[in-house]
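Line by line, the protein sequences give chains A and B. Be aware that the first sequence starts at 108, since it is given in this note's numbering, and climbs by one per residue. Be aware that the second sequence starts at 272, since it is given in this note's numbering, and climbs by one per residue. Idealized CB from N, CA, C, for every residue including glycine. Note that the structure is predicted; figures quoted are calculated from it, not measured.
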Amino acid sequence: EAQVTQNPRYLITVTGKKLTVTCSQNMNHEYMSWYRQDPGLGLRQIYYSMNVEVTDKGDVPEGYKVSRKEKRNFPLILESPSPNQTSLYFCASSLLGLAKTGELFFGEGSRLTVL
Amino acid sequence: GNSVTQMEGPVTLSEEAFLTINCTYTATGYPSLFWYVQYPGEGLQLLLKATKADDKGSNKGFEATYRKETTSFHLEKGSVQVSDSAVYFCALGPNDYKLSFGAGTTVTVRA
Numbered sequence: 108e109a110q111v112t113q114n115p116r117y118l119i120t121v122t123g124k125k126l127t128v129t130c131s132q133n134m135n136h137e138y139m140s141w142y143r144q145d146p147g148l149g150l151r152q153i154y155y156s157m158n159v160e161v162t163d164k165g166d167v168p169e170g171y172k173v174s175r176k177e178k179r180n181f182p183l184i185l186e187s188p189s190p191n192q193t194s195l196y197f198c199a200s201s202l203l204g205l206a207k208t209g210e211l212f213f214g215e216g217s218r219l220t221v222l
Numbered sequence: 272g273n274s275v276t277q278m279e280g281p282v283t284l285s286e287e288a289f290l291t292i293n294c295t296y297t298a299t300g301y302p303s304l305f306w307y308v309q310y311p312g313e314g315l316q317l318l319l320k321a322t323k324a325d326d327k328g329s330n331k332g333f334e335a336t337y338r339k340e341t342t343s344f345h346l347e348k349g350s351v352q353v354s355d356s357a358v359y360f361c362a363l364g365p366n367d368y369k370l371s372f373g374a375g376t377t378v379t380v381r382a
């Protein structure tokens, strides 16, 4: 089954404790992206990757890091989480970098709470 | 830059009622327009899209027409079901390697 898998789905952590949210897709998609979803703000892009070893900042990259060492994986790293990073996070992927279809395939989301 | 404004919710309807969710946009160039749907506990999934002016996207009984003159892409369904309860997002793009999403509209359909 074609899917985007995120882990963990739920996490409560404390300020400053490094964490990683993993994302893996099995569709051989070149493009992957991270969004955060906050009430009243919709989805905002954090980082994206056009292919292996190619990453770039989205609209709200502060406090986050990413890496793309393999085509299928695109982890999101919070080196020193803060309460304002409490949010619902979505990983998404697309074939051909959105240019052809504009269709994003989303994971089920990771709800992160930073105390 | 590109932006999307959609009507605020929540919207509560009875089964078989008519649903409209308004969406207007600001964009440079000629973006594609999308409606994504998020069912409870799930990620977003593409509902329908339109790639140029006057195109109509349709899926699962939902329709939306790309209106360049009014910069709108309103979502409509003639007879909603309880299973249509979800959050609906209007989006446009791609631009700068992303889609720009609206804030989302929560729709609840009562039996």
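Test: residue i CB closer than 8 Å to a CB of chain A
i, result
"S356 of chain B", "no"
"F344 of chain B", "no"
"K369 of chain B", "yes"
"L315 of chain B", "yes"
"G280 of chain B", "no"
Three-state secondary structure (DSSP) of residue i
i, result
"D355 of chain B", "helix"
"N191 of chain A", "helix"
"L222 of chain A", "coil"
"L126 of chain A", "strand"
"L290 of chain B", "strand"
"L202 of chain A", "helix"
"Y142 of chain A", "strand"
"Y155 of chain A", "strand"
"V121 of chain A", "coil"
Neighbour flag for residue i against chain C, beta carbons, 8 Å
i, result
"P365 of chain B", "Looking at the structure shown, chain C is missing, and the protein chains on hand are A and B."
Beta carbon proximity, residue i to chain B, threshold 8 Å
i, result
"L126 of chain A", "no"
"S194 of chain A", "no"
"F197 of chain A", "yes"
"Y155 of chain A", "yes"
"L148 of chain A", "yes"
"E215 of chain A", "yes"
"E108 of chain A", "no"
"G165 of chain A", "yes"
"Q152 of chain A", "yes"
"E210 of chain A", "yes"
"S200 of chain A", "no"
CB contact flag (residue i, residue j, <8 Å)
i, j, result
"Y142 of chain A", "L148 of chain A", "no"
"L317 of chain B", "Y307 of chain B", "yes"
"R179 of chain A", "Q132 of chain A", "yes"
"N330 of chain B", "L319 of chain B", "yes"
Heavy atom of the ligand NAP within 7 Å of residue i beta-carbon
i, result
"S194 of chain A", "Of the ligands one can find in the structure shown there are none, so the ligand NAP has no counterpart to examine."
Same chain, Cβ closer than 7 Å to residue i, five either side skipped, listed in chain order
i, result
"V170 of chain A", "The question names Val, but residue 170 of chain A in the sequence shown is Gly. Hits under 7 Å: L185, S189, Q192."
"A298 of chain B", "N273, L363"
Proximal residues to residue i (C-beta, below 6 Å), its chain only, five neighbours per side dropped
i, result
"T336 of chain B", "K327"
Close-in-space but distant-in-sequence residues of the same chain around residue i (CB under 8 Å, 5 per side omitted)
i, result
"E334 of chain B", "L319, K327, G328, L346, E347, K348"
*Does the stretch 158-167 of chain A come within contact of the stretch 108-125 of chain A, defined as at least 3 CB pairs closer than 8 Å?*
Look at the beta carbons and you see the stretch 158-167 of chain A not touching the stretch 108-125 of chain A: under three pairs across the two are nearer than 8 Å.
*Touching by the beta-carbon criterion (3+ pairs, under 8 Å), the stretch 208-218 of chain A and the stretch 278-289 of chain B*: Touching, no.
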